[in-house]
Structure formats: C-alpha cells, structure tokens
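Residue numbers (my numbering): 618 to 720.
Ideal Cβ placement from N, Cα and C applies to all residues, glycine included.
Step one of this worksheet: look at the structure below.
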Amino acid sequence: MTKFILTFVDKNHLFYLTMPANPDAEKNNPCLREQDLVHKCLNKNNYDNGLCELYFSNYKNCKDFWYRVQRERRAKGLYPYLPDLADRARIKQEYMATKPGGA
C-alpha cells in the first residue's frame, strides 16, 4: 500500500500530496546526489539546460563510472554488481588513486 505525505501551506490553505522518498533510492542509484543537483539547477534556472551543463556533465561522468564498475564486477563474477553503500567511497578512492594522469 502506497502512503502519501500531506503538506499544508498556511498562507493560502493549500496542501500537497506527495509520495514519500524511496528509501532504497540511494542504494539503487549511486548518482542520486548528482541527479538531485541537476534537478535543483534546472528548477533554479527555469529549465535552461545551458546554465546547467556542468551539472549534466558531472551526472554523466558519475553514471559512466558506476556503469564501468558494474561491468567489471559482473565480468569478475562479483555480486552484487553495484557495490553496497559502505563500499562505494572506498572504490571511488581507489579509482582516484590509480586513474591515468594522476590524482
């Protein structure tokens, strides 16, 4: 059963029904923070994509990185293909220490 959150706004006595945040969103989407930053930028800039290019680029880099991690883990037979939340920071640090061009 889906539960909704009822939010009241006193000024005009308006209310909003919203879905609660997905508790597994961060577990299933390692780029959730970057995705949220893209949406905030778009909202702030009246959905002008040109003003949010840096955020789009960062989000794309994040998605590409975690796609490569999943592909490598699948090839090595490691499960789950997407690492647990606790392991992600370590994996990013290892990548930054060994990436071409130095970090």
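* With 16 other Cβ atoms within 10 Å as the buried cut-off, status of T619 -> The sequence position of residue 619 within the sequence shown is 2, counting from 1. Interpretation of T619 is limited by its pLDDT of 49, a score under 50 that renders its predicted location unreliable; the figure taken from the coordinates is listed afterwards. Exposed, by the Cβ-count rule.
* Asked: Since C679 is in the alpha helix (DSSP H), which residue starts that stretch and which ends it?
  -> The count along the sequence shown starts at 1 and reaches residue 679 at position 62. Unbroken alpha helix (DSSP H) run through C679: E670 to K693.
* Alpha carbon to alpha carbon, what distance is there between A714 and P640? -> Along the sequence shown, read from residue 1 onward, the residue named residue 640 stands at position 23. Along the sequence shown, read from residue 1 onward, the residue named residue 714 stands at position 97. Each residue's Cα considered, the two are about 31 angstroms apart.
* Run the CB neighbour count on Y696, radius 10 Å, all protein chains shown included, and call it buried at 16 or more, exposed below. => For the purposes of this step, residue 696 is taken as residue 79 along the sequence shown, with counting starting at 1. Y696 comes out exposed.
* **Environment of Y676 [buried if 16+ CB atoms lie within 10 Å]** => For the purposes of this step, residue 676 is identified with residue 59 of the sequence shown, where counting begins at 1. By the neighbour-count rule (16 or more Cβ atoms within 10 Å), Y676 is buried.
* How big is the Cα-Cα spacing for L649 and D665? -> Here residue 649 is taken as the residue at index 32 of the sequence shown, counted from 1. Here residue 665 is taken as the residue at index 48 of the sequence shown, counted from 1. Those two C-alpha atoms are separated by around 21 angstroms.
* Where does C721 fall in DSSP's three states? -> Because residue 721 is not part of the residues shown, which for the chain are 618 to 720, the question remains open.
* For R691 versus Y684, is the C-beta spacing smaller than 8 angstroms? -> Residue mapping note: residue 691 aligns to position 74 of the sequence shown, counting from 1. Residue mapping note: residue 684 aligns to position 67 of the sequence shown, counting from 1. Taking 8 angstroms as the Cβ cut-off, R691 and Y684 do not qualify as a contacting pair.
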